[in-house]
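What follows is a single structure, written as structure tokens, with notes after it.
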Amino acid sequence: MRDPILIAGAGIGGLTAALALLRRGHAVQVFEQASQLGEVGAGLQLSANATRALHLLGLEQALADVAVEPDGKEIRLWSTGQTWKLFDLGDASVAEYGYPYYTLYRPDLHRVLVDAVRSIAPDAIRLGARGEHFEQTDDGVRLTLADGAVHTGCVLIGADGVHSSVRRQLFGEGPATYAGCTAWRGVIPVDRLEPKTVRQVGTNWVGPGRHVIHYPLRGGRLMNFVGIVETDRWVAESWTQRGSHAECHADFDGWHPVIHALIRHIDVPYRWALMARPALTRWTDGRVTLLGDACHPTLPFLAQGAGMAIEDGFVLGRALSEIDDPVQALRRYEAARLARTTTIVEKSTENGRRFHNPELASASGAAAYVDREWSPQRVRERYGWLFEYRVDEVVL
Ligand SMILES: Cc1cc2nc3c(=O)[nH]c(=O)nc-3n(C[C@H](O)[C@H](O)[C@H](O)COP(=O)(O)OP(=O)(O)OC[C@H]3O[C@@H](n4cnc5c(N)ncnc54)[C@H](O)[C@@H]3O)c2cc1C
225 MRDPILIAGA GIGGLTAALA LLRRGHAVQV FEQASQLGEV GAGLQLSANA
275 TRALHLLGLE QALADVAVEP DGKEIRLWST GQTWKLFDLG DASVAEYGYP
325 YYTLYRPDLH RVLVDAVRSI APDAIRLGAR GEHFEQTDDG VRLTLADGAV
375 HTGCVLIGAD GVHSSVRRQL FGEGPATYAG CTAWRGVIPV DRLEPKTVRQ
425 VGTNWVGPGR HVIHYPLRGG RLMNFVGIVE TDRWVAESWT QRGSHAECHA
475 DFDGWHPVIH ALIRHIDVPY RWALMARPAL TRWTDGRVTL LGDACHPTLP
525 FLAQGAGMAI EDGFVLGRAL SEIDDPVQAL RRYEAARLAR TTTIVEKSTE
575 NGRRFHNPEL ASASGAAAYV DREWSPQRVR ERYGWLFEYR VDEVVL
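For my numbering, count along the sequence shown from 1 and bump the result up by 224.
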């Protein structure tokens, strides 16, 4: 292909696609609306399906330098703190799925991807470059930026996130409805916490109508906190909307003292209104396609949003390399990815209901519920198919 591949959005998905394409010798131009590169200061979990893609893109060492490999995940009860094993990670993830399970500080992952893209093509990422609209021609796409500049490419990938303008132009605005839950999130320097709270595990605290996830980041120096609350009070779907410690404490009134100790030490508590959007049944039109949150935004209850964006980027890189006709390549990419991502979005919603079940209210009812819902067999059914996915082998 003579003209470059245009990518709108330098988030985790857009950069993974750029890297996958550059490594296969394509010319790529990434347009990012922000004037500076960076990511919000929050954590991210990446399971073997996503780390497989990142390792195959040559990032194994760079990630090992910044990621934590937790020993496992645990379920804890909101009231008593009773603890159950969810699954083993660390060596067990590598033994079972071939690749590690990482918890990462988002800016660290973003920097690793930016550095890898720039090491191949130093000028591939343009900042302060907001894609406004596109036009398709017989043999290409023209993307017009907010400053009026026009760029021509052989295809356009809309990797521009949950508020995607490429999706809007392809399929219209589409309804977004408040999902009934707000997410509190923040990071905690671990030296503020009691040592017994600071363990190399990911912890899911479950309770009626709310749950909390926390896990270590940055060599264990930071702890990520996410607290999801069913509430009618919601503010905005934004990573930068601040809330107060008092409001966060109030949302977890009656919860275990460990939860309140964590909240007390959060640097800045942010809150994010979780929105639901109907699944798209197609993402592609001619030479334009979508990836990541632009086409399958999800509730975060399986921790797979960024993982799906990474998988998309890798598979798209393969499709545009292995199939000569770009229109066919985009169609086959979509066909390879649609069913899996739609199922993940559905199962994420379902997992939220599991975490918040009313049966968790009393300690005795909760024990029977947890034993049933998180039995080894049910855990295997829920997570095995997610983690064992192979981006490099999926049929195109
Ligand atoms: C509370 C919470 C916890 C989460 N935890 C996890 C987790 O543990 N694991 C996981 O896998 N996922 C998690 N996710 C989901 C994950 O954050 C997203 O799915 C992921 O960031 C999507 O990546 P993306 O590249 O598609 O979009 P984004 O990361 O949103 O990137 C889009 C980029 O496009 C840019 N952009 C937007 N419009 C334009 C335009 N018109 N022109 C140019 N640039 C543009 C933006 O500035 C941005 O840089 C979580 C989400 C939430 C809300």
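Built from N, CA and C at the ideal position, the CB exists for glycine as well.
Local conformation of residue i per DSSP, three classes
{"i": "Asp-363", "result": "coil"}
{"i": "Asp-285", "result": "Sequence check: residue 285 is Gln here, not Asp. In the structure shown, Gln-285 sits in a helix (DSSP, three-state: H, G or I)."}
{"i": "Val-264", "result": "coil"}
{"i": "Gly-355", "result": "strand"}
{"i": "Glu-454", "result": "strand"}
{"i": "Val-252", "result": "strand"}
{"i": "Glu-298", "result": "strand"}
{"i": "Tyr-323", "result": "coil"}
{"i": "Ala-403", "result": "strand"}
{"i": "Ile-568", "result": "helix"}
{"i": "Asp-312", "result": "strand"}
{"i": "Arg-614", "result": "coil"}
{"i": "Arg-423", "result": "coil"}
{"i": "Glu-605", "result": "helix"}
{"i": "Ile-547", "result": "coil"}
{"i": "Val-459", "result": "coil"}
{"i": "Leu-245", "result": "helix"}
{"i": "Ser-599", "result": "coil"}
{"i": "Val-619", "result": "coil"}
{"i": "Ser-586", "result": "coil"}
{"i": "Asn-581", "result": "coil"}
{"i": "Leu-540", "result": "helix"}
{"i": "Glu-574", "result": "helix"}
{"i": "Gly-235", "result": "coil"}
Close Cβ partners of residue i (< 6 Å) along its chain, the five nearest in sequence each way excluded
{"i": "Val-386", "result": "Asp-517, Pro-521"}
{"i": "Ala-530", "result": "Ile-236, Leu-268"}
{"i": "His-334", "result": "Glu-263"}
{"i": "Leu-394", "result": "Asp-509"}
{"i": "Gly-433", "result": "Glu-454, His-580"}
Residues near residue i by beta carbon distance below 8 Å, same chain, minus five either side
{"i": "Val-338", "result": "Ala-234, Leu-239, Leu-261, Ile-349"}
{"i": "Arg-602", "result": "Arg-596"}
{"i": "Ala-400", "result": "Glu-461, Met-499, Ala-500, Arg-501"}
{"i": "Asp-312", "result": "Asp-295, Gly-296"}
Strand pairing of residue i, partner residues [DSSP]
{"i": "Asp-475", "result": "Answer is none; Asp-475 lacks a bridge partner."}
{"i": "Val-379", "result": "Ile-229"}
{"i": "Met-447", "result": "Ile-412, Pro-440"}
{"i": "Gln-306", "result": "BP columns for Gln-306 are empty, so no partner."}
{"i": "Asn-428", "result": "Ile-299, Ile-437"}
{"i": "Asp-384", "result": "Partner(s): none; Asp-384 has no beta bridge."}
{"i": "Thr-368", "result": "His-357, Val-374"}
{"i": "Arg-350", "result": "Phe-255"}
{"i": "Tyr-329", "result": "Gly-267"}
{"i": "Val-292", "result": "Thr-327"}
{"i": "Arg-561", "result": "In DSSP, Arg-561 forms no bridge with anything."}
{"i": "Arg-466", "result": "Tyr-494"}
7 Å Cβ shell around residue i - same chain, five flanking residues per side excluded
{"i": "Ala-383", "result": "Ile-231, Ala-232, Gly-233, Gly-235, Gly-237, Gly-238, Ala-241, Leu-515, Gly-516, Ala-518"}
{"i": "Val-252", "result": "Pro-228, Ile-229, Ile-231, Ala-242, Leu-245, Leu-246, Ala-345, Ala-348"}
{"i": "Gln-627", "result": "Summary: the structure shown does not reach residue 627, with the chain confined to residues 225 through 620, and so no result is reported for it."}
{"i": "Gly-404", "result": "Glu-454"}
{"i": "Gly-305", "result": "His-480, Val-482"}
Interface flag, residue i vs chain D, CB-CB below 8 Å
{"i": "Gln-393", "result": "This model lacks chain D altogether, as it is built from one protein chain only."}
Open item on the list: Please give the ranges of any beta strand (DSSP E) in the stretch 473-536, keeping only runs that are unbroken, at least 3 residues long and fully inside the region.
Closed with: 494-500, 512-514
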